[in-house]
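Residue numbers for the sequence shown, in our numbering: 2 to 132. We put the CB at the ideal spot given by N, CA and C, even for glycine. Take a look at the structure below.
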Amino acid sequence: TLHPFFRVAADANPAVKVLCAQFEERTQNEKDALYYHFTWCQKDGDDDDDGESFDPSFDTSYFILFCREAYTSADAVKIHLANVGDLLDEILSLTTLERLEVHGTSSELAELHEALDPLGADFYYANGVAN
């Protein structure tokens, strides 16, 4: 499974929502995509949890966009990346990729390092075993 988390500035939200619909439309045609859907979390920019923003005159609100996606194999992930590559480039130009988690068996994850290492992916191995 892939778990990307994007930070979306409030002013970029409308354009990113359009891209999300385009991602979902393209992914519907991938027979080995088990599920694929975006969810949103609105943040107020006050990350220190003290209840006060560091500068209340500055609008620090933003969104975290999360995509739940699962595939039958590493090959299916590669097919997906090729299918949405232009959309991925576009969303990365509008957002900040906060985190990309990749979960699977060591053999499946080994096949994905080349494609996902450039995005700073963190690989989570089933049963905690990397080899």
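Quiz prompt | Endpoints, alpha helix (DSSP H) assigned at Leu113 | solution = Mapped onto the sequence shown, residue 113 falls at position 112. Counting along the chain, Leu113 falls outside any alpha helix (DSSP H), and DSSP gives it neither H nor E.
Quiz item: Quick one: what does DSSP say Gln29 is sitting in, helix, strand or coil?
Solution: As a position in the sequence shown, residue 29 is number 28, starting the count at 1. Annotated three-state conformation of Gln29 is coil, per DSSP.
Quiz prompt | Alpha carbon of His81 to alpha carbon of Asn30, nearest angstrom | solution = The sequence position of residue 81 within the sequence shown is 80, counting from 1. The sequence position of residue 30 within the sequence shown is 29, counting from 1. Distance between the alpha carbons of His81 and Asn30 is about 10 Å.
Practice problem: Return the CA-CA distance between Ala83 and Asp118, expressed in angstroms with no decimal places. | Solution: Stepping through the sequence shown from its first residue, residue 83 is reached at position 82. Stepping through the sequence shown from its first residue, residue 118 is reached at position 117. Going from the Cα of Ala83 to the Cα of Asp118 covers about 16 Å.
Quiz item: Count the other CB atoms within 10 Å of the CB of Ala13; is the residue buried (16 or more) or exposed (fewer)?
Solution: Taking the sequence shown and counting its residues from 1, one reaches residue 13 at position 12. Ala13 should be labelled buried.
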